[in-house]
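Q: This structure is in structure tokens; I'll ask about it shortly.
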């Protein structure tokens, strides 16, 4: 199911248009579907437009990873709100969509992680994002008074909970994430 990204108004496409189209295709169909000819057809242009902006497909894939990393900066948004370490962790946990309808980022997350199993650059990007998130969460827990070991374990558990929300298929268990969220947050953060 590839979203049609036609260039209906005949405007000149920029580099970001190609990255967005590729990012959408990645989310919907995986990295193997990110092909210049297919993207050009879906966008209603020739592949020559692609080569105006990119040397090759790898350069586009690198741009997709950069976009994914930038979109993963939820911690920056949480820090901008501020508050105590506990408040920041609550805001982090609240920032994750808990309904199937709202959580479109889960498909992208799965696509990037699947890609990372077979691509070193993607694997490095995923590992860096995972490490940054876990270390940030661990530090907030240490700031709350948890020991380093307990904070690391809880940080990993919190991160796993966040990631699972985009991975699990919850359509057959209506509203489960909404029902358990408050209790899960309390369990993660209680001393």
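Residue numbers (our numbering): 1 to 191.
Note that the Cβ used here is the ideal one computed from N, Cα and C, for glycine as well.
Measuring only the C-alpha atoms, how far is residue 149 from residue 47?
A: Position 149 of the chain shown holds residue 149. Position 47 of the chain shown holds residue 47. Going from the Cα of residue 149 to the Cα of residue 47 covers about 53 Å.
Q: Helix, strand or coil: which one does DSSP assign to residue 188?
A: Counted from its first residue, the chain shown places residue 188 at position 188. Three-state DSSP puts residue 188 in a helix.
Q: Is there contact here, the stretch 130-150 with the stretch 81-88, by at least three beta-carbon pairs under 8 Å?
A: Segments in contact, yes.
Q: Counting pairs of Cβ atoms below 8 Å between the stretch 182-190 and the stretch 153-173, do you hit three or more?
A: With a cut-off of 8 Å, the stretch 153-173 and the stretch 182-190 count as touching, because enough Cβ pairs lie within range.
Q: Mapping the DSSP letters down to three states, classify residue 173 as helix, strand or coil.
A: Here residue 173 refers to the residue found at position 173 of the chain shown. Three-state DSSP puts residue 173 in coil, outside helix and strand.
Q: Where does residue 78 fall in DSSP's three states?
A: By one-based count along the chain shown, residue 78 stands at place 78. Helix.
Q: Determine the DSSP secondary structure at residue 23, reduced to helix, strand or coil.
A: Counting from one through the chain shown, the residue named residue 23 turns up at place 23. Residue state, collapsed to three classes: helix.
Q: Leaving out five residues before and five after residue 146 in sequence, what residues of the same chain have Cβ atoms less than 7 Å from its Cβ?
A: Stepping through the chain shown from its first residue, residue 146 is reached at position 146. Excluding sequence neighbours, residue 146 sits near 154.
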